[in-house]
Each structure stands twice: as C-alpha cells, then as structure tokens.
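Structure, as structure tokens:
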Amino acid sequence: MVVIAIPSIGKGGLNDDMNPRFGRCASFTFVELEDKEIKAVKTVPNHAADAMGGAGVQATQIIGNNNAEVVIVGFLGPNAANGLNALNIKILHAPNKKMTINEVVNLYIEDKLPELSSANVAPHHGMGGGRGMGGGNRGR
Amino acid sequence: MTGIKPKTICITGGKGGTGKTLCAVNIAVMFKNEGYNVLLIDGDVENPNTYLLLNGELENKREVPFFMPKIDEDKCSRCGICAQNCTNHAFLYIDDSIPILMSSLCSGCKLCYKICPEKAIEADFKTLGWIYSTEIHGLTLFVGELKPAEARSAGIVEALLENLKNIIKNKPNKFDVIILDTAPGAHCDVELLIEMADVSIPITEPTRFGKLDLKRIMELINLLEKDCKVIVNRSSLLGFRDQFLDELQKESIEILGDIPMDADIVDSYCQGTPIMDNNSGYDINGAGFIAFTNIFENLKKWINLNE
Chain A
5 MVVIAIPSIG
15 KGGLNDDMNP
25 RFGRCASFTF
35 VELEDKEIKA
45 VKTVPNHAAD
55 AMGGAGVQAT
65 QIIGNNNAEV
75 VIVGFLGPNA
85 ANGLNALNIK
95 ILHAPNKKMT
105 INEVVNLYIE
115 DKLPELSSAN
125 VAPHHGMGGG
135 RGMGGGNRGR
Chain B
351 MTGIKPKTIC
361 ITGGKGGTGK
371 TLCAVNIAVM
381 FKNEGYNVLL
391 IDGDVENPNT
401 YLLLNGELEN
411 KREVPFFMPK
421 IDEDKCSRCG
431 ICAQNCTNHA
441 FLYIDDSIPI
451 LMSSLCSGCK
461 LCYKICPEKA
471 IEADFKTLGW
481 IYSTEIHGLT
491 LFVGELKPAE
501 ARSAGIVEAL
511 LENLKNIIKN
521 KPNKFDVIIL
531 DTAPGAHCDV
541 ELLIEMADVS
551 IPITEPTRFG
561 KLDLKRIMEL
571 INLLEKDCKV
581 IVNRSSLLGF
591 RDQFLDELQK
601 ESIEILGDIP
611 MDADIVDSYC
621 QGTPIMDNNS
631 GYDINGAGFI
641 AFTNIFENLK
651 KWINLNE
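Going down the list, the sequences are from chains A and B.
Positions 5 to 144 (the working numbering) are the ones given, in order, by the first sequence.
Positions 351 to 657 (the working numbering) are the ones given, in order, by the second sequence.
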C-alpha cells in the first residue's frame, strides 16, 4: 500500500486537474494504491495557498499529516523540497502540461515519473503577481 | 571640542555606483584634516569596500551571532506550539513528531524559545557575519560584513549601531564627527542608518536612473523627518549638469554641491588614497578637489559643529 499526494487546481479528486504549483495549490488529492489499483481517494484543502510566506513548509505539513509517502509535483520551491526531504517523502516530477489527477496517477502506476531530489524553482515562485516578500528577505 | 554630542552624517543615495563611498571617505578625511576625531562606519554590509578607498586592511574581526532555536529532543513533548505560533513557518511540524527547523525561514525572533511550555528550546547561534574596527589615515573605521548567502543583513547593521551607541554612551567625547556610509536602495539597512544620523546626504548622478532612485531615498528620508541635502556626482556627464540641477531646484530639493568628472578623483579611487587627504599630493586647483572643498564648506555651515 502506498499513499501518493498530488497538488490540485480545484477541490481535488481524480477528475480535477493537477496544479503545477505545490505550496500554493488550492488542494491536495491523496490517492491510496494497492497492487497498482486505486483503493481510496481523499482531498484536503491547502490553507497555505494564500500565505504571505512559508507556504511550502505548511503544505509539506499537510502531506506529512496525511501519511503520504510520495508526492508528485510540477514546480517545487526550496523550503518545500527541504521539508519533504526531511520527512523522507519521495518526490516525483510530472510532465509540464495540463493533466488530470487520474492521468498523473496512471503515469505513476506505469513508473513513468522521474524522481526529483531538490527544488526546481526559487522561493515564492508560485505566488500571485506582486505579492512577493521582495528585497532579498531583508526583513528583520 | 568637548561636551558636544558628535554630529552624525549619513551618506546614502538610493542608486548603486553614484559615489556614496567616495563622498563618505573624502568628507571623513576633510574633517580629519581639520583636527576632528572622525568615525567612519561602512554600513553597506553586502559589499563593504570603504577600506579599499583608504588602502587599508580589515582588522579586529568579531563575529555577529544570530539566534537559532535548538530543540532538546528529550524535553520536547511534541505539542507543536512552537510551530503553530511561528509567523515565519520556520518549523515543519507533523502531528506527534518533533518539529524540524527550517533554518532559512527563521527570523531569530526567539518567540518559540520564550513560549515552549517544556523549555525544550535552547538558544543556539549561527554566524550572520562579522564586524571589524580599524584605524586608517587617521580615521577610525567600523565595517560590517554579511556572511555570503545569509539574507538578514539588517542584523549586521544593528550590530554596528549597537557598537556606536556603546561608544556614545561610554565615551561621548571620543568622536566629533560620525559618518555613516549606506548600501544602495531604500530598505531597512539604509533606514536604520538614516534614523541614527542628524542629517543625510543622498549622492546622485545626472541621469534618469539617478533621479528616480534619488526620489525614492528622499521619500524615506522625509518619512524619517531628517534634514537632507543632495550631492550630484559626475555632474558634467553628457552636459546635463545645469538642466539636472535646475530640475532638482524646481522640486525644492536642496543641493549641497556637485562634483564634475575628474581624472584626479578616478586616480585617487584606484590608488586608495583619498583625493582630499592632506598628504595625497593631488592638484588643489583641480576640478574635483575644488568641488569637494566647496561641498565641505557648505556642509560645515549647514550642520554647525559647535552647536
């Protein structure tokens, strides 16, 4: 048995689209697999989606608290990557195109997703326009 | 010159490369020439280079420590209160586990250290950077240096200012004049130094970039309710001098003086011998030398050292 987590565009679920953003996705879809078959699907809203900062860490907490062993991402920032690595959660990289959660799960089952060991974007990458912390984190 | 609080002058400017350090060093040297005891503080902690213009070395290195929480795993009850209250989300907390510190997010605020019900958080420290103190060309120089890849530069500026406040408190007559040289920009490192000073001198240049960044830094200086007068460096650049000075005057920006392009200044910059130093040997009738002399006379009239 394995639980995989996938960031989702809307409310989550197999028919929702995957969200390429991790820390600031709207929700996470957790899919429980056994012998390459889907046993259960659960969705959890991401309360960190609009956080000023630390979204990656908070999203990682959601992944950890829901016992996922694998997370599939598009873009992943450094704090999320460090957090997932600290929790020994396997990070897989999905192709950079529009896909449903179901399609992503199928790619996982077919073992077609490469592993990612570190961040592939800078902090605050997934933030909406003009809301970054700015100033190179000069805040005191 | 005893019993008078030292005058503190902040050299700043918004834009990078306008000549802040050049002006800071030469103004410091001109006060020194007249027998004043001068302290120069390099607050551009990401790129401290004042000592190069004085052909000196950095000495008396001291570490600037930065608080980091360290969890005593035997004492930790895994309650997660530290993580839930950390505004920077610097703890990764999974239910019933020991929180994991994400050190790059920690602001060093010590809240977790204070609120942990088990007193399981110890005060640990990392090196944020260093401060140096040295004597060069008859000046006392303090320099702050942020450790590369560290982000919280204001911590170094605060360490420099703490040093300064201790001196003013314990030896109020040690210095007559204090010159603060800031980083470019209008962020909190710069704000701390402007706040500390009696007056500010933004250095600009006669370009659109110079004017835009000048306006930004003047906004900050006005917010802090400090007096300021501008120096226009490289004022002969492309023949815009008169037009640029006119524009500033129309906006009621006071001008302390302007410095034209001058080969002696460039030479002094490269040699690490301040052009205005008594022993520099540069032509006292040169355009740069005259410009600095005029600026210094205007400055002394403005700040009135004997007050």
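Backbone N, C-alpha and C fix where the C-beta goes; we use that ideal spot for every residue, glycine too.
Please read these numbers as outputs of a predicted model, since none were measured by experiment.
Tell me residue i's beta-bridge partners as DSSP assigns them.
i, result
"residue 11 of chain A", "A:32"
"residue 473 of chain B", "B:419"
"residue 482 of chain B", "B:493"
"residue 97 of chain A", "A:77"
"residue 41 of chain A", "A:38"
"residue 608 of chain B", "B:582"
"residue 357 of chain B", "B:527"
"residue 157 of chain A", "Residue 157 of chain A is absent from the structure shown; chain A starts at 5 and stops at 144."
"residue 577 of chain B", "B:549"
"residue 442 of chain B", "B:450"
"residue 389 of chain B", "B:490 and B:528"
"residue 49 of chain A", "A:31"
"residue 557 of chain B", "Note: residue 557 of chain B sits in no beta bridge, so no partner."
"residue 119 of chain A", "A:96"
"residue 412 of chain B", "B:481"
"residue 104 of chain A", "A:21"
"residue 6 of chain A", "A:37"
So, at 7 angstroms on beta carbons, what are the nonlocal neighbours of residue i in its own chain, with the 5 sequence-adjacent residues on each side left out?
i, result
"residue 40 of chain A", "113"
"residue 595 of chain B", "582, 605 and 608"
"residue 97 of chain A", "77, 117, 118 and 120"
"residue 447 of chain B", "428"
"residue 598 of chain B", "580 and 605"
"residue 504 of chain B", "538, 539 and 542"
"residue 472 of chain B", "420 and 422"
"residue 611 of chain B", "584, 586 and 587"
Give me, in chain order, the residues of the same chain whose beta-carbon lies closer than 8 angstroms to that of residue i; leave out the 5 immediate sequence neighbours on both sides.
i, result
"residue 104 of chain A", "18, 19, 20, 21 and 22"
"residue 399 of chain B", "371 and 392"
"residue 633 of chain B", "614 and 639"
"residue 517 of chain B", "389, 524 and 525"
Does the ligand SAH have even one heavy atom less than 8 angstroms from the beta-carbon of residue i?
i, result
"residue 623 of chain B", "The model depicted lacks the ligand SAH and carries no ligand whatsoever."
Compare the Cα-Cα distances from residue i to each of the options and report the closest residue.
i, options, result
"residue 62 of chain A", "A:74, A:49 and A:73", "A:49"
"residue 13 of chain A", "A:35, A:26, A:131 and A:98", "A:26"
"residue 455 of chain B", "B:472, B:468, B:608 and B:433", "B:433"
"residue 539 of chain B", "B:597, B:446 and B:501", "B:501"
"residue 584 of chain B", "B:568, B:598 and B:616", "B:616"
"residue 482 of chain B", "B:611, B:599, B:514 and B:644", "B:514"
"residue 643 of chain B", "B:655, B:626 and B:632", "B:626"
"residue 593 of chain B", "B:611, B:570, B:557 and B:384", "B:557"
"residue 487 of chain B", "B:469, B:378 and B:451", "B:378"
"residue 127 of chain A", "A:79, A:89 and A:38", "A:79"
"residue 572 of chain B", "B:559, B:602, B:480 and B:560", "B:602"
"residue 512 of chain B", "B:523, B:498, B:527 and B:494", "B:494"
"residue 661 of chain B", "B:480, B:620 and B:357", "Within the shown structure, residues of chain B are numbered from 351 to 657, placing residue 661 of chain B beyond reach of any answer."
"residue 426 of chain B", "B:407, B:634 and B:450", "B:450"
"residue 55 of chain A", "A:70, A:30, A:7 and A:44", "A:30"
"residue 655 of chain B", "B:474, B:374, B:498 and B:385", "B:385"
"residue 16 of chain A", "A:125, A:131, A:93 and A:108", "A:108"
"residue 312 of chain B", "A:52, A:95, A:64 and A:53", "This structure cannot settle anything about residue 312 of chain B, because the visible part of chain B is limited to 351 through 657."
If you drop the 5 nearest sequence neighbours on each side, which residues of the same chain put their C-beta closer than 6 angstroms to that of residue i?
i, result
"residue 646 of chain B", "380"
"residue 9 of chain A", "32, 34, 67, 72 and 75"
"residue 423 of chain B", "448"
"residue 60 of chain A", "27, 81, 83 and 84"
"residue 460 of chain B", "417"
"residue 388 of chain B", "378, 381, 382, 489 and 527"
"residue 123 of chain A", "80, 81, 82 and 85"
**Cβ contact check for the region 525-538 of chain B and the region 364-373 of chain B: 3 or more pairs under 8 angstroms** = yes
**Item:** Selection of the region 409-435 of chain B by Cβ proximity to chain A, strictly under 7 angstroms
**Value:** none
**Request:** Please confirm if the region 389-399 of chain B is in contact with the region 580-594 of chain B, defined as three or more CB-CB distances below 8 angstroms between the two stretches.
**Result:** no
**Three-pair Cβ contact test at 8 angstroms for the region 431-450 of chain B versus the region 507-522 of chain B** = no
**Prompt:** For the 8 angstroms Cβ check, are there 3 or more pairs between the region 547-557 of chain B and the region 402-415 of chain B?
**Reply:** no
**Request:** Identify each residue in the region 41-68 of chain A for which the Cβ-Cβ distance to at least one residue of chain B is less than 7 angstroms, and report them in chain order.
**Result:** 57, 58, 61, 62, 64, 65 and 68
**Request:** Note down, in chain order, all residues in the region 76-103 of chain A with a beta-carbon under 8 angstroms from any beta-carbon belonging to chain B.
**Result:** 82, 83, 86, 87, 90 and 91
**Request:** Would you be able to state if there are at least three C-beta pairs under 8 angstroms between the region 413-422 of chain B and the region 446-460 of chain B?
**Result:** yes
**Segment contact flag, the region 562-574 of chain B with the region 353-366 of chain B, C-beta cutoff 8 angstroms, min 3 pairs** = yes
**Contacting positions in the region 457-491 of chain B - beta carbon closer than 8 angstroms to chain A** = 457
**Message:** Short of 7 angstroms Cβ to Cβ, which residues in the region 528-557 of chain B face chain A?
**Reply:** 537, 538 and 539
**Asked** In chain order, what residues of the region 434-452 of chain B put their CB closer than 9 angstroms to some CB of chain A?
**Response** 436, 437, 438, 439, 440, 441, 442, 443, 444, 445, 447, 450 and 452
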